[in-house]
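A short write-up of the structure that comes next.
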Amino acid sequence: MNVRLLVPALLISCALSAQEIGAVRELKQLWKYDEAVAALTQMMAEQGPQPVLLEELADCHYQSGNAAEALAQYALLAEMQPEKLLYKLRLMNLLYRGRQYEPAIGFGREVLQRDSITQVLSLVGDAFNQLERRDSAEWYYRRALARRPHNESVLNKLSGILLGREQYDEVLSLTAAFLAEEPDNLTILPVSGVAHFAKGQYEAAEADFNRMHKLGDDGYAVHYYLGQCAQQFGRTWAAEQEFELAWQRDSSDVGLAITIAKLLGDLFKPGWEAWYDKALKRLKPDAKLIATTSAAHQNYALTAYKYGKYDLCIQEYRQMLEYSPKHYSAYYMIAQCYEYKKDYKNALSWYKKAQTAFAPGSRGREIADSGVERMTAELFMQE
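Residue numbers for the sequence shown follow my numbering, so the first one is 1 and each next one is one higher.
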C-alpha cells in the first residue's frame with residue numbers, strides 16, 4: 001500500500017468528521033436537540049460508538065432534559081473512561097435531580113477524592129439534607145464554606161440546620177460576618193432576622209426585616225416577622241396590619257389566620273370569627289394537622305366565650321374534642337357555657353364528665369365538684 005496516499009486520505013476523513021461534529025454542536029447551540037440526536041445516531045451507525053460521539057449524544061440528552069437517556073449514556077462513558085470527572089459530575093447531577101440521593105452521594109464522593117470542588121461539596125450536602133442526615137449535610141456544608149466562605153446558598157442551608165438545633169449564636173456569628181461584606185443580601189438578611197427573633201432580640205430582628213422591606217422585598221416572611229415584632233412591642237395595630245399583608249401574600253398559612261383571629265379577639269375588634277372560619281376551612285382531618293386543628297377550635301372557643309357567644313363556644317369545644325379527646329378542661333368549659341345559658345341539666349352532665357376526668361385534689365376536679373354542687377342545687381330549686 002502507498003503510505004503517501006493513505007495519510008492524506010486519513011486527514012480528509014478526520015476533517016470531515018470534525019466538520020460533522022461542528023454541525024451537530026451548532027444544532028445544539030440552536031436548541032435543536034432532536035436534530036442533533038438524529039445526526040449523531042447516523043454518524044454512530046456509520047463510524048461506530050466513538051467516545052466523542054457518545055459524549056455529544058449524552059450532552060444532547062442532558063441539555064434537553066431527557067434524564068433517562070442521559071444517565072444511560074454517561075454511565076457507559078464513565079465505564080469507558082473512568083478517569084474523566086465530567087461524566088461522574090453529570091451522573092451525580094442527574095441522580096440528584098431524580099431524587100436518587102444515595103447513588104448521587106456515591107459519585108460525589110468519587111469526585112471529591114480527586115478534587116474538592118465547592119459545588120460538589122454543596123450538592124453532596126444537599127443530598128444528605130434531603131435524606132434528613134443533618135450531621136453529614138452540615139459536615140459537607142462546612143467544607144464548602146471553608147473553600148468559599150462568601151457563599152450565600154451554602155450559608156443559608158447550613159443556617160437552616162443550625163436554626164433547627166437552636167444554635168442561634170452561631171447563626172448570628174456566621175450571618176454577621178457575611179453581612180459585614182454584603183449588608184443588602186436578601187438571602188442572608190432573613191436568616192439573621194429569624195435568629196435574632198428566636199433569641200428574643202426583637203429590635204435587631206425588626207431592623208433586619210425593615211431593611212429587607214426597604215430593599216424591595218414585600219413578601220410573606222417580611223410582613224409576618226414585622227407583625228410578630230410589633231406584637232412583642234405592644235403595637236397591636238401595626239401587628240394586625242402586617243399580619244394581614246402577610247396573609248395577602250400567602251393565604252395557605254392556617255397558623256397565621258389563627259394568629260389574626262386571636263389578635264382581633266383580644267382587641268375586641270370585629271372580624272375574629274371570620275378569621276377562625278378561614279383557618280378551619282383550610283384544615284383537613286390529616287394526622288399531621290390534628291394538633292393545629294385542635295388548637296384552632298380551642299382558640300375559637302375561648303374567644304367566643306370571652307364574647308359571651310356560648311352556643312358557638314360549645315360548638316367549637318365539641319369539635320376540638322374530636323381531635324383532642326383527652327383535653328378534659330373542655331368539659332368544664334362546656335359545662336360553664338350551659339350554666340350561663342341556664343341549661344342546668346346539660347351543665348350538670350358536663351361537670352360530671354369533668355369529675356371523672358380529673359384526679360381528686362386537682363384544680364380541674366375542684367371546678368367540677370363545685371359545678372356539680374351548684375347545678376344539683378339549681379335543679380332541686382326548679383323542682
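For every residue, glycine included, the Cβ atom is placed at its ideal position computed from N, Cα and C.
Report the option in the options whose CA atom is closest to the CA atom of residue i.
i    : options                : result
G219 : G227, D208, I260, R249 : R249
Y62  : A45, D34, G48, P49     : D34
S294 : G255, D115, G48, D126  : G255
K345 : V372, L30, G22, K278   : V372
Y310 : P325, Y332, E181       : Y332
D59  : A70, P51, V171         : A70
K387 : A296, A207, R142       : Beyond the ends of the chain as shown, which are 1 and 383, falls residue 387; an answer cannot be given.
K262 : N299, Q241, S136, A238 : N299
V24  : L53, P49, G216         : L53
A385 : G361, K157, S252       : Only positions 1 to 383 of the chain appear in this structure, which leaves residue 385 out of reach.
V194 : A45, L226, K214        : L226
H150 : A45, D343, E26, E182   : E182
S370 : Y351, Q382, E383       : Y351
R142 : V124, Q130, L131       : V124
R99  : E83, V120, A67         : A67
P270 : T41, W31, E240         : E240
Using 8 Å for Cβ pairs, my map puts residue i next to residue j. What's the rounded Cβ distance?
i    : j    : result
T292 : L267 : About 23 Å; that fails the 8 Å criterion.
A354 : A368 : 4 Å
L57  : Q47  : Actually they do not touch by this definition, with Cβ atoms about 13 Å apart.
E386 : A330 : Not covered by the structure: residue 386. The range shown for the chain is 1 to 383.
S122 : S153 : 7 Å
Y224 : A246 : 4 Å
A39  : L27  : 7 Å
L131 : Y101 : 5 Å
E79  : M43  : At roughly 21 Å, the Cβ-Cβ gap does not stay under 8 Å, so E79 and M43 are not in contact.
Three-state secondary structure (DSSP) at residue i?
i    : result
S252 : coil
G98  : coil
P183 : coil
A23  : helix
N346 : helix
Q319 : helix
Y140 : helix
Q382 : helix
E35  : helix
E166 : coil
A295 : helix
R282 : helix
N156 : helix
E46  : helix
R148 : coil
A304 : helix
E366 : helix
K326 : coil
L172 : helix
P51  : helix
A354 : helix
E373 : helix
A287 : Residue confidence is low: A287 scores 49 on pLDDT, short of 50, so the model does not pin down where it sits. Its coordinate-derived value is still stated next. The answer is helix: DSSP assigns A287 an H, G or I state.
L131 : coil
L30  : coil
A359 : coil
Residues in its own chain within less than 6 Å of residue i by CB, not counting five upstream and five downstream?
i    : result
K199 : Y168
K278 : A257
T118 : A144, R147, R148
M412 : No answer is possible for residue 412: it lies beyond the span of the chain, which begins at 1 and ends at 383.
D217 : L186
With a threshold of 7 Å on Cβ separation, who are the neighbours of residue i within its own chain once the five nearest residues in sequence on each side are excluded?
i    : result
Y202 : C229, Q232, F233
A304 : L312, C313, E316
L402 : No answer is possible for residue 402: the residues shown for the chain start at 1 and end at 383.
G265 : W272, T303, K306
M320 : S294, H297, Q298, A301, H327, A330
L155 : L145, L174, F178, I188
V171 : S159, L162, L163, V191, A195
A75  : L91
So, for residue i: in the same chain, excluding its five sequence neighbours on each side, which residues have a beta-carbon less than 8 Å away from its beta-carbon?
i    : result
A359 : R365
E110 : K88
L179 : N185, I188, L189, S192
A287 : Only weak support exists for where A287 lies, its pLDDT of 49 falling under 50; the coordinates are left without a value.
Q450 : This structure gives no information on residue 450, because the portion of the chain shown stretches from 1 to 383.
I12  : Here the model assigns I12 a pLDDT of 37, short of 50, so the residue's position is not dependable, and the following value carries that caveat. So no residue of the chain qualifies.
S362 : none
Q382 : Y344
A176 : S192
Step through the CB atoms of chain C and report whether any lies within less than 9 Å of the CB of residue i.
i    : result
K262 : Note that chain C does not occur in the displayed structure, where there is just one protein chain.
Identify every run of the alpha helix (DSSP H) within the region 189-269, keeping only runs that are complete inside it and at least 4 residues long; order them along the chain.
-> Within the region 189-269, the complete alpha helix (DSSP H) runs of at least 4 residues are 189-198, 202-214, 220-232, 236-249, 254-266.
Run through the region 54-128 for me and flag every whole alpha helix (DSSP H) of 4 or more residues, listed as ranges in chain order.
-> Correct list: 67-80, 85-97, 101-112.
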